[in-house]
């Protein structure tokens, strides 16, 4: 369905009040995301007596499955609903859901089994399922198209700064105040994010016709599929990040259990090491916006993904936390360009009416690969050893990355969308 009506005027500067509100909301919500993950890991650590026994890593797999279950059930439908309901409305609602759920877990846990906690985690990440595509799709509504790469690099910078603080400070907080108090603080952060996002004043990127506003879910999914089939840059933006996410999941599941078993105050060390990945991502994402304007962003994402996967495999070769930290920083440096470049490619090239759906497809694939990595990691680690699995599983993803790269970056069909350098797309002509 082609959008109708005139294209709204673009705003000139990047630092607008709307962009500032999005930054504040995103930073607060991401800090809350990282804090609740550390708190949940501490809860599992308490329940398993600091991950005693090799099979205790399976509890982390259950947690990862609960986090990915909403995406496996709803998937791209979240993007379709987001496109129909409005991105700002979805952002606020998802923060309210996550805030209430975070507050409820420490209140309900004493009388409920761990399975109920995992159910609450699924509700918590249901909010994230809607938040992520809405956040990605609303950027072109508040930022001029020529500023999209800069905007995404700034968003990545502040998001990964929140990741560093969330993981590093979160590990210290949870260790000292307990997982219950940390989750109460976490719920308050989501509510603050909702209040900030309520200040957003996005412009409507396109005016839909009456028929377009009533498009059915199957037709919306088919339209997104046609968009991806015809647009090489958007296709790369959807297919490449999930492979990096899968490699990261295997490293995280096995690395957390390994650190918890071998290092004193393991939860704090896990938070610090994971925060180092955020330092790398912030640096890599910012440099992408500064140095790579005009580059083929889909190709940038492919090369950076290969480097990130290789660095994640190197984590398994590290015998000391300091060496692991160095490899994690390198992985983050490469992962930053993957997400900034791929996200900008989709925003530049995909139809505004389809962007939330397309980002939901990407997020669903990321959840699927993360779940697969989380399930495979403890099983393979139990069979061949954690360190061997930490090297072998990420490297195994180089092959599908090469296949995805060849297909996603193939020659575009005649009359299809542009490459990632920013040539006007069909919608811009």
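Residue numbers (this note's numbering): 133 to 561. Glycine is no exception: its CB is placed at the ideal position from the N, C-alpha and C atoms. Since we're looking at a predicted model, the values are computed, not measured.
*What does a CB cutoff of less than 8 Å around residue 111 pick up in its chain, not counting 5 residues either side in sequence?*
Since the first residue shown for the chain is 133 and the last is 561, residue 111 is missing from the structure and cannot be characterised.
*Starting from residue 485, follow the alpha helix (DSSP H) in both directions and report where the run begins and ends.*
Segment: none, residue 485 is in no alpha helix (DSSP H) and carries neither H nor E.
*Cβ-based neighbour list, residue 499, same chain, cut-off 6 Å, excluding 5 preceding and 5 following*: 200 and 203
*So, using beta-carbon positions, are residue 382 and residue 462 closer together than 9 Å?*
no
*Alpha carbon of residue 276 to alpha carbon of residue 267, nearest angstrom*: 16 Å
*Is the shortest distance between the beta-carbon of residue 468 and the beta-carbons of chain D less than 9 Å?*
Considering every chain present, this structure includes no chain D. It has just one protein chain.
_Rounded to whole angstroms, what is the Cα-Cα separation between residue 317 and residue 158?_
16 Å
_Beta carbon of residue 298 nearer than 9 Å to that of residue 162_ = yes
*For residue 428, name the three-state secondary structure that DSSP assigns.*
coil
*asked:* Here's the rule: buried if 16 or more other CB atoms are within 10 angstroms of the residue's CB, otherwise exposed. What is residue 454?
replied: exposed
*Rank 446, 151 and 372 by C-alpha distance to the C-alpha of residue 285 and give the top, closest one.*
151
_Residue nearest to residue 568 in terms of C-alpha spacing, selected from 452, 354, 361 and 236_ = Only positions 133 to 561 of the chain appear in the structure, and residue 568 is not among them; the question remains open.
*For residue 459 and residue 519, the rounded distance between their alpha carbons*: 14 Å
*Hey, could you find the ends of the alpha helix (DSSP H) residue 247 is sitting in?*
246 to 274
*Does the distance from the C-beta atom of residue 215 to that of residue 477 stay below 9 Å?*
no
*Keeping to the same chain, check which residues put their C-beta closer than 7 Å to that of residue 123; ignore five residues upstream and five downstream.*
In the structure displayed, the chain extends from 133 to 561; residue 123 sits before or after that span and is not available.
*Rounded to whole angstroms, what's the CA-CA distance from residue 148 to residue 331? Just pull it up for me.*
12 Å
*Note down, in chain order, each residue of its chain lying with its Cβ closer than 6 Å to the Cβ of residue 429, except the 5 sequence neighbours on either side.*
473, 476, 477 and 552
*Between the Cα of residue 367 and those of 413, 537, 169 and 217, spot the shortest distance and give me the residue it belongs to.*
537
_According to DSSP, is residue 359 part of a helix, a strand, or is it coil?_
helix
*Between residue 533 and residue 512, is the Cβ-Cβ spacing less than 9 Å?*
no
*Answer with buried or exposed for residue 359, where buried requires no fewer than 16 other C-beta atoms within 10 angstroms of its C-beta.*
buried
*Tell me whether residue 354 sits in a helix, a strand or coil according to DSSP, three-state version.*
helix
_Assuming contact is defined by CB atoms lying nearer than 9 Å, are residue 419 and residue 523 in contact in what I supplied?_
no
*Cα-Cα separation between residue 437 and residue 531, rounded to whole angstroms*: 12 Å
*For residue 317, which of helix, strand or coil comes out of DSSP?*
helix
_Where the alpha helix (DSSP H) containing residue 449 begins and where it ends_ = Residue 449 -> no alpha helix (DSSP H), and no H or E assigned at all.
*Give the secondary structure of residue 469 by DSSP, where H, G and I count as helix, E and B as strand, and everything else as coil.*
helix
*Out of 529, 515, 517 and 492, point me to the one whose CA is closest to residue 205's CA.*
492
*Between the Cα of residue 350 and those of 222, 232, 212 and 153, spot the shortest distance and give me the residue it belongs to.*
212
_Does residue 235 come out as helix, strand or coil in the three-state DSSP assignment?_
helix
*Take residue 180 as the anchor and find which of 431, 392, 357 and 405 has the nearest alpha-carbon.*
392
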